[in-house]
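There are 2 protein chains.
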Amino acid sequence: MRAIDYQSMTDTFVIVGGDAAGMAAASKARREDPDLEIVVFEKGEWVSYGACGLPYYVKGEIQSLESLVSVTPEEFREERDIDLRTGHEVVEIDPDARTVTAEGDGGEVVQPYDHLLLATGAEAVAPPIDGTELEGVYTLGSMSDGKELREYVARARDGESFQQADRGPACRYLEDCSGPVGVVGGGYIGLEMAEALAANGFEVHLFQRSDRVLTGFSEATSEAVADHLRERDVALSLGSEVLELAGSEASEASDGASSDRTQSDDAAEVEAVVTADDRVPVEMVLLGTGVRPRTGLAEDAGIELGPTGAIATDAYRETNRPDVYAAGDCAEATHVVTGEPTHVPLALTANRHGRAVGQTVTGTPVEGGGVAGTAAVKVFDVEAARTGILDHDEARAAGFEPVSETITAKSRAGYYPEGGEVTITLTADRDSGRVLGASLVSEYGEGAVHRSHAIVAALTEGTTVSELENYDLAYAPPFNTTWDPVLVAAKVLGGDLRE
Amino acid sequence: MRAIDYQSMTDTFVIVGGDAAGMAAASKARREDPDLEIVVFEKGEWVSYGACGLPYYVKGEIQSLESLVSVTPEEFREERDIDLRTGHEVVEIDPDARTVTAEGDGGEVVQPYDHLLLATGAEAVAPPIDGTELEGVYTLGSMSDGKELREYVARARDGESFQQADRGPACRYLEDCSGPVGVVGGGYIGLEMAEALAANGFEVHLFQRSDRVLTGFSEATSEAVADHLRERDVALSLGSEVLELAGSEASEASDGASSDRTQSDDAAEVEAVVTADDRVPVEMVLLGTGVRPRTGLAEDAGIELGPTGAIATDAYRETNRPDVYAAGDCAEATHVVTGEPTHVPLALTANRHGRAVGQTVTGTPVEGGGVAGTAAVKVFDVEAARTGILDHDEARAAGFEPVSETITAKSRAGYYPEGGEVTITLTADRDSGRVLGASLVSEYGEGAVHRSHAIVAALTEGTTVSELENYDLAYAPPFNTTWDPVLVAAKVLGGDLRE
Chain C
1 MRAIDYQSMT DTFVIVGGDA AGMAAASKAR REDPDLEIVV FEKGEWVSYG
51 ACGLPYYVKG EIQSLESLVS VTPEEFREER DIDLRTGHEV VEIDPDARTV
101 TAEGDGGEVV QPYDHLLLAT GAEAVAPPID GTELEGVYTL GSMSDGKELR
151 EYVARARDGE SFQQADRGPA CRYLEDCSGP VGVVGGGYIG LEMAEALAAN
201 GFEVHLFQRS DRVLTGFSEA TSEAVADHLR ERDVALSLGS EVLELAGSEA
251 SEASDGASSD RTQSDDAAEV EAVVTADDRV PVEMVLLGTG VRPRTGLAED
301 AGIELGPTGA IATDAYRETN RPDVYAAGDC AEATHVVTGE PTHVPLALTA
351 NRHGRAVGQT VTGTPVEGGG VAGTAAVKVF DVEAARTGIL DHDEARAAGF
401 EPVSETITAK SRAGYYPEGG EVTITLTADR DSGRVLGASL VSEYGEGAVH
451 RSHAIVAALT EGTTVSELEN YDLAYAPPFN TTWDPVLVAA KVLGGDLRE
Chain V
1 MRAIDYQSMT DTFVIVGGDA AGMAAASKAR REDPDLEIVV FEKGEWVSYG
51 ACGLPYYVKG EIQSLESLVS VTPEEFREER DIDLRTGHEV VEIDPDARTV
101 TAEGDGGEVV QPYDHLLLAT GAEAVAPPID GTELEGVYTL GSMSDGKELR
151 EYVARARDGE SFQQADRGPA CRYLEDCSGP VGVVGGGYIG LEMAEALAAN
201 GFEVHLFQRS DRVLTGFSEA TSEAVADHLR ERDVALSLGS EVLELAGSEA
251 SEASDGASSD RTQSDDAAEV EAVVTADDRV PVEMVLLGTG VRPRTGLAED
301 AGIELGPTGA IATDAYRETN RPDVYAAGDC AEATHVVTGE PTHVPLALTA
351 NRHGRAVGQT VTGTPVEGGG VAGTAAVKVF DVEAARTGIL DHDEARAAGF
401 EPVSETITAK SRAGYYPEGG EVTITLTADR DSGRVLGASL VSEYGEGAVH
451 RSHAIVAALT EGTTVSELEN YDLAYAPPFN TTWDPVLVAA KVLGGDLRE
């Protein structure tokens with residue numbers, strides 16, 4: 001039996017998905033229009049949470065999952081008057097009838113909408129190999145994933161308390177190293193989880209198909225990060241595709257005389273990571289092998305996907321169906337350098353585009369802006385950021401003739417008693433001189449990430465390298481050399497361009 | 001007797017002043033043209049030194065004055081083939097004859113030039129009050145000033161070794177507080193020296209004519225810095241003009257039975273700082289009351305000064321006399337926001353403009369770019385930066401209708417175990433939405449200064465607040481909240497502008 005909510009004269013704004021984009025849209029719409037009906041369907045129980053904090057929760061630096069939640073469901077309902085329906089999965093969208101159908105504990109509900117936002121996010125993707133279903137194989141895409149991983153760590157540590165902000169290689173400090181554990185994938189999640197596990201005393205082995213970690217960054221950044229991982233006793237297998245996760249026989253696993261395990265005892269457990277060259281014994285595997293946009297609902301409703309496989313939108317995040325918007329990890333965005341659609345599923349874009357949609361549906365259309373593919377990561381005591389177009393093939397495909405330089409410069413005045421180095425790869429177009437991209441790496445606290453802000457600005461504004469050289473950036477000995485490393489990179493690359 | 005150097009066919013580039021602008025010009029010119037004759041006259045013995053590091057030398061964090069020198073005179077002479085004549089004071093410029101006259105140990109020399117750069121710098125200005133000539137009254141404009149101050153500190157500490165990078169309030173840790181000492185002026189030098197002296201156990205009393213320190217920054221920044229100074233036991237007299245420095249009678253000072261003082265014993269010593277309300281006993285006074293451009297040589301030669309009192313130049317740093325350039329602290333520059341001449345005597349501009357002149361005189365004219373009035377300072381455990389136009393009267397005088405907002409936001413994700421806050425004042429033009437200026441303050445290490453880089457870029461590019469809101473800045477929990485504080489400031493100010 002289907003219950004239909006007949007709405008009054010007020011517009012109804014329906015949102016599918018209650019994380020960053022969805023709740024940013026709901027909150028902004030409420031601020032702009034106190035009378036709008038706002039209904040959010042979220043299939044899980046958690047909303048508006050900082051998934052980016054999950055590695056730090058697993059590591060033990062954050063004590064509760066709740067602390068990752070910026071606004072609770074109760075606050076959304078009571079303080080922001082948003083009809084937030086957790087535990088409701090939307091199963092169908094009908095753009096002709098302008099309704100969505102959701103299933104929850106109370107049965108099915110058909111909800112009419114005037115404006116609809118798809119904020120269905122992205123999901124962790126397991127590689128197409130055998131063994132990913134084994135016990136002891138994890139991904140980190142959701143709060144429940146984070147909970148399971150932390151429970152795994154707690155069990156392995158046998159009740160030993162989590163350490164706080166331990167940045168050292170844990171195996172040197174803990175009496176017994178646990179593990180070994182395998183991490184598949186050398187992107188953000190893989191690296192952050194390698195740190196989280198190593199800090200808890202696990203012997204970590206990281207497998208990366210490409211010949212370097214952080215493939216979206218420059219080679220210099222990848223090398224610096226890889227060197228640091230090795231210093232921290234993380235074993236790296238680069239250029240090493242995982243062919244299979246090998247498991248124990250299920251029967252063996254359940255032969256144990258007693259069991260207080262929470263998992264099902266008849267499931268086979270992961271025992272080894274198998275590559276072309278090696279078979280590495282592991283007690284657990286974390287898959288950090290990327291995400292894909294959740295687009296099923298949209299596709300079923302005839303909403304177009306773009307060339308990246310995410311939902312296509314215009315500058316206002318409207319899809320090919322009127323009044324149906326898409327924002328966040330499920331949707332494309334326009335790259336500020338290439339002007340082409342891209343899919344960069346990260347938190348700021350989700351927030352910004354969700355917020356823009358929230359304003360647009362209340363009658364003041366606003367563009368949410370493009371993306372620069374900017375990303376930052378901390379790995380143990382190293383920080384790195386990247387932005388724009390760095391890959392030369394990608395730059396040429398976008399019509400540029402890329403030139404790059406990599407410089408290493410002191411992060412503070414040479415005579416200043418503290419400080420380290422910043423390594424910056426800067427890429428520009430030879431003809432126009434336009435800054436296309438950058439990758440920066442430094443010791444944690446030496447400013448690679450915050451310095452990337454200036455280059456994001458430059459990319460977005462179409463700045464040339466010569467113009468960047470002349471930026472009047474702040475200088476004082478505790479913060480940089482007279483020429484900040486960003487300016488040093490611009491000077492060196494500028495020299496190339498003038499030749 | 002005048003010796004005239006007759007030059008060969010090669011061009012001669014003569015530079016007056018061997019610090020940042022002068023040596024940057026010499027070095028760049030040499031790289032661009034191996035055959036150019038390059039003659040630098042420097043009246044002192046030190047060249048190419050980081051005057052910005054002097055407070056850290058006095059504090060004891062830097063062990064030798066030599067470490068402030070980036071390239072030694074010998075290196076300039078031998079490795080860069082620059083005819084560097086230290087101990088030579090230029091006493092006359094004749095733009096018609098195209099010569100400069102210098103005096104050195106070997107007598108007077110008349111040096112013809114094809115290109116001339118005036119890089120005479122700026123000098124510390126004492127306020128027009130009685131007592132600035134007393135023993136125990138210091139300024140910090142030169143290497144020798146730094147040496148004297150460090151010797152003063154060493155004497156006062158009676159041989160006790162300098163502490164390294166002590167960031168605590170020294171009086172709490174040292175057995176006996178020395179002092180009291182007075183610091184007059186609440187700008188960079190005054191604040192950095194207040195820290196340097198307090199860290200060495202002096203009881204520091206800072207006098208500031210204005211009702212706040214760091215008057216070029218926002219009020220929020222001034223307040224944060226003042227609060228921090230008080231926390232570190234620096235006594236602040238704000239809105240307190242110093243009327244006089246009172247001294248002992250000279251006769252009394254010389255009545256002592258014995259003397260191993262290096263100063264002349266018959267000079268009167270400073271004893272008190274006198275304001276309208278108070279007479280504060282002090283053993284020493286540091287004057288941090290600003291600088292003025294050294295323009296005497298230029299004026300005598302008929303070279304025009306601009307409205308700021310510094311030497312006027314065009315975009316290539318050429319003065320009103322052909323082939324005579326001026327760069328660095330003695331010269332004006334164009335403000336990137338107002339387009340008007342301004343005088344901001346800071347190291348980066350000196351380096352950049354010197355370098356540009358070095359390239360221009362070798363046949364490839366290059367503009368050195370404008371300035372944004374950007375500055376950064378560390379005071380104990382607080383860092384602050386400012387850029388652009390913040391003052392509303394100044395903004396209105398430049399034809400803008402200024403609107404400002406001040407926000408305080410977390411410097412890292414709220415759930416991240418470390419971090420603090422960043423307070424940002426952002427100013428924009430109401431009509432165009434253009435970003436005009438910003439002032440940022442945070443705990444040291446929480447990124448106020450490096451974050452200012454993004455706003456410098458925005459100012460320089462004529463970015464609007466709405467555009468700034470949409471910058472795809474790097475985000476990860478160890479570095480910021482999803483919306484970096486810079487974006488939070490833009491969002492809040494953007495909200496005002498849309499009203």
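If you're matching them up, the sequences are chains C and V in order.
Position 266 of the first sequence, counted from 1, bears residue number 266 in the UniProt record's numbering, the numbering being contiguous throughout.
Position 21 of the second sequence, counted from 1, bears residue number 21 in the UniProt record's numbering, the numbering being contiguous throughout.
Beta carbons are placed, not taken as given, at the ideal position from N, Cα and C, and that holds for glycine.
In this text the structure is predicted, and so the values were computed from the model without any measurement.
Taking all protein chains in view, the Cβ of Glu418 (chain C) is surrounded by fewer than 16 other Cβ atoms within 10 Å, so the residue is classified as exposed. Under the three-state reduction of DSSP, Tyr113 (chain C) is assigned to coil, being neither helix nor strand. In the three-state DSSP reduction, Leu346 (chain C) falls in the coil class, being neither helix nor strand. Comparing C-alpha distances from Glu340 (chain C) to each of C:Arg386, C:Ala395, C:Ser240, C:Val382 shows the shortest one belongs to C:Ala395. Here Gln208 (chain V) is buried. Its C-beta has 16 or more other C-beta atoms within 10 Å. The beta carbons of Thr408 (chain V) and Thr423 (chain V) sit about 5 Å from each other, so the pair counts as a contact at 8 Å. Rounded to whole angstroms, the separation of the alpha carbons of Ala267 (chain C) and Ser210 (chain C) is 31 Å.
By the neighbour-count criterion, in which a residue is buried when 16 or more other Cβ atoms sit within 10 angstroms of its Cβ, Ser144 (chain C) is exposed. Sequence-distant Cβ neighbours of Thr406 (chain C) in its own chain, meaning closer than 6 Å and more than five residues away, are Ala220, Thr425. DSSP, read as helix, strand or coil, puts Phe217 (chain C) in coil. Taking 8 Å as the CB threshold, Pro485 (chain C) stays off the interface with chain V.
When Cβ-Cβ separations below 8 Å define contact, Asn320 (chain V) makes no contact with chain C. Under the DSSP assignment, Ile38 (chain V) falls in the beta strand (DSSP E) whose first and last residues are 37-42. By the C-beta density criterion, Asp277 (chain V) is exposed, having fewer than 16 other C-beta atoms within 10 angstroms.
Against chain C, a Cβ distance below 8 Å from Ile62 (chain V) picks out Tyr415, Tyr416, Pro417.
Collapsing the DSSP output to three states places Thr406 (chain C) in a strand. If you ignore the 5 residues before and after Gly239 (chain V), its C-beta comes within less than 8 Å of the C-beta of Gln208, Arg209, Ser210, Asp211, all in its own chain and listed in chain order. For secondary structure counted as the beta strand (DSSP E) over 3 or more consecutive residues, the region 392-474 of chain V holds these complete runs in sequence order: 402-410, 421-429, 435-443. Taking the C-beta atoms as reference points, Val58 (chain C) is found no nearer than 8 Å to Ala194 (chain C). Excluding residues up to 5 positions away in sequence, Leu197, Phe202, Glu203, Val204, His205, Val282, Glu283, Met284, Val285, Leu286 lie with their Cβ nearer than 8 Å to the Cβ of Val181 (chain V) in the same chain. For chain V, the residues of the region 30-61 of chain C that bring a beta carbon within less than 9 Å of one of its beta carbons are Gly50, Cys52, Gly53, Pro55, Tyr56, Tyr57, Glu61, in chain order. Listed in chain order, the non-local C-beta contacts of Ser411 (chain V) below 8 Å within the same chain comprise Gly419, Gly420, Glu421, Val422, Ser442, Glu443, Glu446, Gly447, Asn480, Pro485, local neighbours out to five positions each way being set aside.
Ser222 (chain V) carries a helical assignment under DSSP once its states are collapsed to helix, strand and coil. Separation of Val377 (chain V) and Asp391 (chain V) (C-alpha to C-alpha, rounded to the nearest whole angstrom) is 19 Å.
Rounded to the nearest angstrom, the Cβ distance from His453 (chain C) to Ala413 (chain V) is 17 Å, too far for a contact under 8 Å. Your pair Thr72 (chain C) and Glu42 (chain C) does not check out as a contact, with CB atoms roughly 13 Å apart and the cut at 8 Å.
In this chain, Glu66 (chain C) is not harboured by any beta strand (DSSP E), its DSSP state being neither H nor E. Proximity of Gly288 (chain C) to chain V, defined by a Cβ-Cβ separation below 8 Å, is not satisfied.
Look at Ser237 (chain C) here: in three-state DSSP terms it is strand. Residue state for Gly247 (chain V) is assigned as strand, using DSSP reduced to three classes. If you draw a 10 Å sphere on the C-beta of Gln359 (chain C), you find 16 or more other C-beta atoms in it, and that means buried. By the neighbour-count criterion, in which 16 or more other beta carbons inside 10 Å mark a residue as buried, Gln63 (chain C) falls on the exposed side.
One thing to note: Ala102 (chain V) has its Cβ no nearer than 8 Å to the Cβ of Ala327 (chain V). By the Cβ criterion, the region 106-122 of chain C is in contact with the region 318-338 of chain C, since at least three pairs of Cβ atoms, one from each stretch, lie closer than 8 Å. Residues of chain C whose Cβ lies closer than 7 Å to the Cβ of Arg352 (chain V) are, in chain order, Asn470.
When the alpha-carbon of Leu84 (chain C) is set against those of C:Glu223, C:Gly17, C:Val242, the nearest one is in C:Gly17.
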